[in-house]
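Below you'll find the structure, written out as structure tokens, and then a few comments.
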Amino acid sequence: MESKIRELLEEEINEAGYILDEVLYGKEDGVNTLRLVIDKQGYINIGDCVKVNDIVNPILDKEDPISESYVLDVCSKEKGSDNDGQ
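This note's numbering applies: residue 7 is where the sequence shown begins, and numbers increase by one.
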């Protein structure tokens, strides 16, 4: 399922200047969750996540690749815990 979702979304996400790093689908705390992990040059902020969410929602609604109800979570790729040496 993850590869099908990647095929549906990756081009649009890339055209917006982001990288679709991971597509994960599974249960979290008993809730079906579709997690899209995004990245870009520089840092990802909440506005970036909202922008990608707004891009992918209409595609997912139209194509309906997941028959059951789920929560969509667009989040950033972890940059590590180094905190730039601080």
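Positions of the beta carbon are idealized from the N, C-alpha and C atoms, including for glycine.
Do residue i and residue j have their C-beta atoms within less than 9 Å of each other?
| i | j | result |
| --- | --- | --- |
| residue 26 | residue 34 | no |
| residue 82 | residue 54 | yes |
| residue 77 | residue 42 | no |
Quick one: what's got a C-beta closer than 8 Å to residue i's C-beta in the same chain, skipping five residues either side?
| i | result |
| --- | --- |
| residue 65 | 14, 15 and 18 |
| residue 22 | 57, 58 and 61 |
| residue 7 | 31, 71 and 72 |
What is the DSSP secondary structure of residue i, reduced to helix, strand or coil?
| i | result |
| --- | --- |
| residue 52 | helix |
| residue 75 | coil |
| residue 35 | coil |
Identify, in the order they occur along the chain, each residue of the same chain with its Cβ nearer than 7 Å to the Cβ of residue i, setting aside the five sequence neighbours on each side.
| i | result |
| --- | --- |
| residue 28 | 43 |
Note down, in chain order, each residue of its chain lying with its Cβ closer than 6 Å to the Cβ of residue i, except the 5 sequence neighbours on either side.
| i | result |
| --- | --- |
| residue 40 | 31, 76 and 78 |
| residue 72 | none |
I'd like to know if the region 43-51 and the region 61-72 are in contact, where contact means that at least 3 CB-CB pairs between them fall below 8 Å.
Short answer: they don't touch.
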